[in-house]
Amino acid sequence: MQLTLFTTYLLCMGINRCPSIITFSENYTSSWIIFEGKVENEIKMSRLTFLLFKTTILSRSIQSIIYRPVVLMHGIAASASDMNELADWLRTSFSGIYVVSIEIGNGFDDSFLWSLDKQVEYFCTKIRNDINLQQGFNMLGFSQGSLIVRGAVERCSLPVYNLITLNGLHQGIFGIPYLLKLPIYIRELITKYAYEKQIQNRISIANYWRDPTQLNKYITDCHFLPNINNEHEIRNETYRINMLKLNAFVMTYSDIDEVVTPKESGWFMGYISQSLNIETWNNSRQFLEDLIGMRTLWEQGKLYTFISHTRHQDTPHLPNREFFMKNILSFFNNTLL
1 MQLTLFTTYL LCMGINRCPS IITFSENYTS SWIIFEGKVE NEIKMSRLTF
51 LLFKTTILSR SIQSIIYRPV VLMHGIAASA SDMNELADWL RTSFSGIYVV
101 SIEIGNGFDD SFLWSLDKQV EYFCTKIRND INLQQGFNML GFSQGSLIVR
151 GAVERCSLPV YNLITLNGLH QGIFGIPYLL KLPIYIRELI TKYAYEKQIQ
201 NRISIANYWR DPTQLNKYIT DCHFLPNINN EHEIRNETYR INMLKLNAFV
251 MTYSDIDEVV TPKESGWFMG YISQSLNIET WNNSRQFLED LIGMRTLWEQ
301 GKLYTFISHT RHQDTPHLPN REFFMKNILS FFNNTLL
């Protein structure tokens, strides 16, 4: 009777020595083993062969793991390269992962001189044209990028698995600190004429400028944020349906954010009407009326909230790395089927 090395090993697997009835012929070839009696060195060779075989299979299995791709979206007055450091954290953590950072137009200028309607449309087109993203991906947006990625989920029905927003602007902004990144003439236009049609069509910040003294005007005349937040009388149920398709929705804000006002906007918390007091997210209209599915996501255990302790501009950089690796990294640890 003749057996291959692999078969013989299976017969002896799990014990230190094979039964004494099994031995090898002194003249066996590397491919065949003959049963005759006692096993010594030959069984060691068999185990070594199987170990090499098993290691090869395991190596090939590891190589076949395909991590779900990642799309990154930068903030205002920035470009795709601003996300390079964060992208490196992902590539170092997940071997072979595909990470792409989308740039809006020429980056810096177009990030505030294009309306957010135009930016979301451009963003979705870039994603649809990337063959590496057709089977699904995770998506992260920073600052203004948080609105672009969420708008893309709601409007473009993209195959997004986990949506992560860092220091987001989900409930808008109202205050000078955020404007300091921009030219003086832009600041003046926003503070005086934010809800004028020409400004809404030309300057991104106007699209999420939420003045608590003019909330009615904000809802009727602000072109972007009230729309993707489903705050209009006639709601878009598709927005809610698309948000509920997410496996996870992750939101963060920084307790020392000196740029976004209110900083809690990252959790959908904004100023109360005619006040600078901040609403609580679970008592807001957004949560209570489940306008885009926030309450449902929370009830399903799909809504995750974190508070960082980093300056706004440091969010995608080294000072925020420890927070990111501890709290956010795991949301990228998933693979394509």
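Sequence positions in the sequence shown follow full-length UniProt numbering and run 1 to 337. We put the beta carbon where it would ideally sit given N, CA and C, even for glycine. Given the structure is predicted, the values throughout are model-derived calculations rather than measurements.
What first and last residue would you give for the alpha helix (DSSP H) that runs through residue i?
| i | result |
| --- | --- |
| N242 | E237 to L244 |
| L116 | L116 to R128 |
| I65 | Segment: none, I65 is in no alpha helix (DSSP H) and carries neither H nor E. |
| L113 | D110 to L113 |
| L215 | L215 to D221 |
Using the three-state DSSP reduction, which class does residue i fall into: helix, strand or coil?
| i | result |
| --- | --- |
| W298 | helix |
| S79 | coil |
| F137 | strand |
| W281 | helix |
| T261 | coil |
| I97 | coil |
| M269 | coil |
| T335 | strand |
| F142 | strand |
| I228 | helix |
| F324 | helix |
| I205 | helix |
| I148 | helix |
| I131 | helix |
| I102 | strand |
Please look up how many angstroms separate the CB atoms of residue i and residue j, rounded, as I've assumed it's under 8 Å.
| i | j | result |
| --- | --- | --- |
| D130 | F174 | So it is not a contact: roughly 35 Å between Cβ atoms. |
| R235 | L291 | 7 Å |
| S284 | M269 | 7 Å |
| S115 | Q171 | So it is not a contact: roughly 19 Å between Cβ atoms. |
| V250 | M139 | Not quite, the Cβ-Cβ distance comes to about 10 Å (not below 8 Å), so this is no contact. |
| T213 | Q286 | Not really, about 20 Å apart at Cβ, beyond 8 Å. |
| Y67 | T335 | 6 Å |
| F137 | P226 | Their Cβ separation, rounded to whole angstroms, is 28 Å, which puts F137 and P226 out of contact at 8 Å. |
What span of residues does the beta strand (DSSP E) with residue i cover, start to end?
| i | result |
| --- | --- |
| V250 | A248 to S254 |
| Y304 | L303 to S308 |
| L72 | V70 to M73 |
What separation, rounded to the nearest whole angstrom, lies between the Cα atoms of residue i and residue j?
| i | j | result |
| --- | --- | --- |
| N247 | Q134 | 17 Å |
| E154 | N229 | 10 Å |
| L147 | I65 | 31 Å |
| M243 | F306 | 19 Å |
| Q198 | E121 | 19 Å |
| C124 | S79 | 17 Å |
| F331 | F112 | 29 Å |
| G301 | Y185 | 44 Å |
| N320 | H309 | 8 Å |
| I241 | I127 | 20 Å |
| N282 | I328 | 22 Å |
| S143 | M73 | 9 Å |
| Y178 | S101 | 23 Å |
| Y304 | G141 | 15 Å |
| I219 | Y208 | 10 Å |
| R60 | S95 | Unreliable positioning characterises R60 in this predicted model, as indicated by a pLDDT of 45, which lies under 50. A coordinate reading is not provided. |
| C222 | Y195 | 6 Å |
| K181 | G75 | 11 Å |
| W298 | K263 | 21 Å |
| L163 | G151 | 11 Å |
Taking 7 Å as the CB-CB limit, is residue i close to chain D?
| i | result |
| --- | --- |
| I127 | In the structure shown, chain D does not exist; there is a single protein chain. |
For the ligand ATP, I want to know if residue i counts as a neighbour, meaning its beta carbon is within less than 6 Å of at least one of the ligand's heavy atoms.
| i | result |
| --- | --- |
| E103 | Absent from the structure shown: the ligand ATP. Ligands present: none. |
Considering only residues of the segment 151 to 188, which uninterrupted beta strand (DSSP E) runs meet the minimum length of 3 residues and lie entirely inside it, listed in chain order? The qualifying runs are 160 to 166.
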